[in-house]
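K.L.:
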Amino acid sequence: MYITIIAFNNMHGAKPLKIDSIVKLVKDPDNHYDSEAIACEMRHFGQIGYVANSTKTVVKGCMSAGRLYDKINDIYFARIQFITGSTAIARVLSSDEYINEVENPESDVHYLCDNPSKVDVDFIKKHF
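Right, here's the structure in full:
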């Protein structure tokens, strides 16, 4: 499952976006503009943008934030696959991929989440 990440042009732009980087997806239900907003964070940079949720910004073949919202936990992860300008396409980690990341002590998952073992992997398995 692929998503489009719209990076902030006024903060970091495309600078933090690197292929194979792990991105933390955080539901943002208090967002004033979009009740299904999902923020994107990266190690060393913090919040870099949002999962696209508009027909004008979602790259064809990718899932919008609204379609992804009920399929992930409040916090989950994706891996950047492609980058163009200040936009990236990331693949949401499967439950098995997530478990592999948790088992790797060098993974950015450990730096982006206080307790990665608390993520409900069974919930993810139901939706992927």
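All letters in the sequence shown, in the order written, are residues 1229 to 1356 by our numbering.
Note that CB positions come from ideal geometry on N, CA and C, so glycine has one too.
Note that the structure is predicted; figures quoted are calculated from it, not measured.
Looking at the structure shown, is Ile1266 part of a helix, part of a strand, or coil, going by DSSP?
P.N.:
Sequence index remark: in the sequence shown, residue 1266 carries index 38 (1-based). Ile1266 falls in the strand class under three-state DSSP.
K.L.:
Take the Cβ of Ser1281 as the centre, count every other Cβ of all protein chains shown within 10 Å, and call the residue buried at 16 or more, exposed below.
P.N.:
By 1-based counting over the sequence shown, the position of residue 1281 is 53. According to the sequence displayed, residue 1281 carries Asn and not Ser. Per the 10 Å Cβ criterion, buried.
K.L.:
At which residues does the alpha helix (DSSP H) containing Arg1271 begin and terminate?
P.N.:
Locating residue 1271 in the sequence shown gives position 43, counting from the first residue. Careful: Arg1271 lies outside any alpha helix (DSSP H) and carries neither H nor E.
K.L.:
Relative to the C-alpha of Ile1308, which candidate in Asp1256, Glu1334, Leu1321 has its C-alpha closest?
P.N.:
Along the sequence shown, one-based indexing puts residue 1308 at 80. Among Asp1256, Glu1334, Leu1321, the Cα nearest to that of Ile1308 belongs to Leu1321.
K.L.:
Which residues does DSSP pair with Met1291 in a beta bridge?
P.N.:
Here residue 1291 is taken as the residue at index 63 of the sequence shown, counted from 1. DSSP, once it has assigned bridges, lists Ile1231 as partnering Met1291.
K.L.:
Should the stretch 1291-1302 be called in touch with the stretch 1243-1252, which here means at least 3 C-beta pairs below 8 Å?
P.N.:
With a cut-off of 8 Å, the stretch 1243-1252 and the stretch 1291-1302 do not count as touching, because too few Cβ pairs lie within range.
K.L.:
Under a Cβ-count criterion, where at least 16 other Cβ atoms within 10 Å of its own Cβ denotes burial, should Pro1333 be classed as buried or exposed?
P.N.:
Stepping through the sequence shown from its first residue, residue 1333 is reached at position 105. Pro1333 should be labelled exposed.
K.L.:
Taking the beta strand (DSSP E) that Phe1351 falls in, what are its first and last residues?
P.N.:
Taking the first residue of the sequence shown as 1, we reach residue 1351 at position 123. Note, Phe1351: premise wrong, no beta strand (DSSP E); alpha helix (DSSP H) at 1349-1355.
K.L.:
Could you round the C-beta distance between Tyr1230 and Arg1319 to whole angstroms and report it? I think they count as a contact, below 8 Å.
P.N.:
Taking the first residue of the sequence shown as position 1, residue 1230 is located at position 2. Taking the first residue of the sequence shown as position 1, residue 1319 is located at position 91. Right, the Cβ-Cβ distance comes to about 5 Å (below 8 Å), so this counts as a contact.
K.L.:
Rounded to a whole number of angstroms, what is the C-alpha to C-alpha distance between Cys1341 and Cys1290?
P.N.:
Numbered from 1 along the sequence shown, position 113 holds the residue referred to as residue 1341. Numbered from 1 along the sequence shown, position 62 holds the residue referred to as residue 1290. Distance between the alpha carbons of Cys1341 and Cys1290 is about 25 Å.
K.L.:
For Ala1318, list the residues DSSP reports as bridge partners.
P.N.:
Indexing the sequence shown from 1 puts residue 1318 at position 90. Paired residues: Ile1231, Ile1308.
K.L.:
Exposed or buried, Pro1257, counting other C-beta atoms within 10 Å across all chains shown (16 or more means buried)?
P.N.:
Mapped onto the sequence shown, residue 1257 falls at position 29. So Pro1257 counts as exposed.
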